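For reference, the structure discussed in these notes is given below.
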Amino acid sequence: DTGVSQNPRHKITKRGQNVTFRCDPISEHNRLYWYRQTLGQGPEFLTYFQNEAQLEKSRLLSDRFSAERPKGSFSTLEIQRTEQGDSAMYLCASSGTAISNQPQHFGDGTRLSIL
Amino acid sequence: AQSVTQPDIHITVSEGASLELRCNYSYGATPYLFWYVQSPGQGLQLLLKYFSGDTLVQGIKGFEAEFKRSQSSFNLRKPSVHWSDAAEYFCAVGAGGTSYGKLTFGQGTILTVHP
């Protein structure tokens, strides 16, 4: 069990640029979640995958955000035309599906800063 | 929709003192409850979880939590705090059914430990 891995750890970009983050879940986990955490707040749910299928998206996920999990393994989260309000920590988590609500294991996150 | 309230934004205790962090939740069915801990710049580490059964659950690092349905609470406790416990603590409720276990987090409680 190598844990959930996220890359990059930090990303600084100018407003209007596109950014992409990667998440590698724990290998036997088929559920993958993305959350966003702003300063002083708890994480907020963005989207969820079971294997390669994206089954739920939060209304927080505007049209500028897209997430994929093409082969049911790693996932990417892309933000197009970044805005100041996108500055946050983006967290990925994974879990198994033996029973509902298996605990989610989190990566260390990608911190995005928009200049 | 589910929600979580952590009434205390910041708590300060002396090393060796006991600790209780409060968590109140709102959820229409039987909740799945979690406590996570986050150190600065890091992801979230699971401390303990409640799914069903015994309402007093034990976790890692000497933490425990008690589920009280009548009070809609899931408070975290530790009998003797160590300096290494200084971090931010998040309570979360998991949604079952068609929400695939996505977590709703509280705002977090920052714990400061004085020597």
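For the protein sequence lines, the chains are Y and C, in the order given. Read in order, the letters of the first sequence are residues 1180 to 1294 in my numbering. Read in order, the letters of the second sequence are residues 264 to 378 in my numbering. Built from N, CA and C at the ideal position, the CB exists for glycine as well. Since this is a predicted model, take the numbers as computed values, not measurements.
- prompt: Y/V1198 and Y/I1258 look like a contact to me (Cβ under 8 angstroms); what is the Cβ gap, rounded to whole Å?
  reply: Against the first sequence, residue 1198 of chain Y aligns to sequence position 19. Against the first sequence, residue 1258 of chain Y aligns to sequence position 79. So it is a contact: roughly 5 angstroms between Cβ atoms.
- request: With distances taken Cα to Cα, identify the nearest neighbour of C/L296 among C/V356, C/A264, C/T375 and C/S333.
  value: As a first step, residue 296 of chain C is located in the second sequence; it is residue number 33 there, counting from the start. The candidate whose alpha carbon is nearest that of C/L296 is C/V356.
field: Segment limits, beta strand (DSSP E) that includes Y/N1209
entry: Working through the first sequence from its first residue, we reach residue 1209 of chain Y at position 30. Neither: Y/N1209 is in no beta strand (DSSP E) and is coded neither H nor E.
- prompt: Got a sec: is the Cβ-Cβ distance from Y/G1286 to anything in chain C below 7 angstroms?
  reply: The residue given as residue 1286 of chain Y occupies position 107 in the first sequence. Chain C, which has a Cβ nearer than 7 angstroms to the Cβ of Y/G1286, makes this yes.
message: Applying the 10 Å Cβ sphere with the 16-neighbour rule, what's the burial state of C/I272?
response: One-based indexing of the second sequence puts residue 272 of chain C at position 9. Result: exposed.
- request: Run the CB neighbour count on Y/R1248, radius 10 Å, all protein chains shown included, and call it buried at 16 or more, exposed below.
  value: Numbered from 1 along the first sequence, position 69 holds the residue referred to as residue 1248 of chain Y. Flag for Y/R1248 reads buried.
field: Segment contact, 8 angstroms Cβ cut-off, at least three pairs: the region 280 to 288 of chain C with the region 326 to 346 of chain C
entry: yes
message: Which residues in chain Y have a C-beta closer than 8 angstroms to the C-beta of C/K365? List them in chain order.
response: Your numbering for residue 365 of chain C matches position 102 in the second sequence. Within 8 angstroms Cβ-Cβ: Y1212, F1224, Y1227 and E1235.
- request: Answer with yes or no whether the minimum CB distance from C/L307 to chain Y is below 7 angstroms.
  value: To locate residue 307 of chain C, count along the second sequence from 1; it is residue 44. Chain Y, which has a Cβ nearer than 7 angstroms to the Cβ of C/L307, makes this yes.
- request: Measure the alpha-carbon distance for Y/K1250 versus Y/I1293 and round it to whole angstroms.
  value: By one-based count along the first sequence, residue 1250 of chain Y stands at place 71. By one-based count along the first sequence, residue 1293 of chain Y stands at place 114. Straight-line Cα distance between these residues: approximately 30 angstroms.
message: The beta strand (DSSP E) that contains C/A264, what's its start and end?
response: Looking up residue 264 of chain C in the second sequence gives position 1. C/A264 -> no beta strand (DSSP E), and no H or E assigned at all.
message: So for Y/Q1263, helix, strand or coil by DSSP?
response: Stepping through the first sequence from its first residue, residue 1263 of chain Y is reached at position 84. Correct three-state label for Y/Q1263: helix.
Alpha carbon of C/Q269 to alpha carbon of Y/Q1220, nearest angstrom: Here residue 269 of chain C is taken as the residue at index 6 of the second sequence, counted from 1. Here residue 1220 of chain Y is taken as the residue at index 41 of the first sequence, counted from 1. If I take the Cα positions, the gap works out to 11 angstroms.
query: Looking at the C-beta of C/K312, does it have a partner C-beta in chain Y at a distance below 7 angstroms?
result: To locate residue 312 of chain C, count along the second sequence from 1; it is residue 49. Closer than 7 angstroms to some Cβ of chain Y, the Cβ of C/K312 qualifies, so yes.
query: Shortest alpha-carbon distance to Y/P1282 belongs to which of Y/A1246, Y/F1244, Y/R1210 and Y/P1187?
result: In the first sequence, the residue the question calls residue 1282 of chain Y occupies position 103. The shortest C-alpha separation from Y/P1282 is found at Y/R1210.
task: Give the interface partners of C/Q370 over in chain Y, defined as CB-CB distance under 9 angstroms, in chain order.
output: Here residue 370 of chain C refers to the residue found at position 107 when the second sequence is read from its first residue. Per Cβ cutoff of 9 angstroms: G1219, Q1220 and G1221.
- prompt: Would you say Y/P1204 reaches chain C, if we count a Cβ-Cβ gap shorter than 7 angstroms as a contact?
  reply: As a working note, residue 1204 of chain Y is residue 25 in the first sequence. No, because no Cβ of chain C sits closer than 7 angstroms to the Cβ of Y/P1204.
- request: Consult DSSP for Y/Q1281 and reduce its assignment to one of helix, strand or coil.
  value: Counting from 1 along the first sequence, the entry for residue 1281 of chain Y is found at position 102. Note: Y/Q1281 maps to coil in three-state DSSP.
query: Taking all protein chains shown into account, do 16 or more other C-beta atoms lie within 10 angstroms of the C-beta of C/H377, making it buried, or fewer, making it exposed?
result: Position 114 of the second sequence, counting from 1, holds the residue named residue 377 of chain C. So C/H377 counts as exposed.
- prompt: In angstroms, rounded to a whole number, what distance separates the CA positions of Y/R1188 and Y/S1273?
  reply: Position 9 of the first sequence holds residue 1188 of chain Y. Position 94 of the first sequence holds residue 1273 of chain Y. Distance between the alpha carbons of Y/R1188 and Y/S1273 is about 18 angstroms.
- request: Look at the Cβ atom of Y/Q1229, then the Cβ atom of Y/L1270, and state whether they are nearer than 7 angstroms.
  value: Position 50 of the first sequence holds residue 1229 of chain Y. Position 91 of the first sequence holds residue 1270 of chain Y. Cβ atoms of Y/Q1229 and Y/L1270: not closer than 7 angstroms.
- prompt: Name the residues in the region 276 to 297 of chain C whose C-beta lies less than 8 angstroms from a C-beta of chain Y; which are they?
  reply: Y295 and F297
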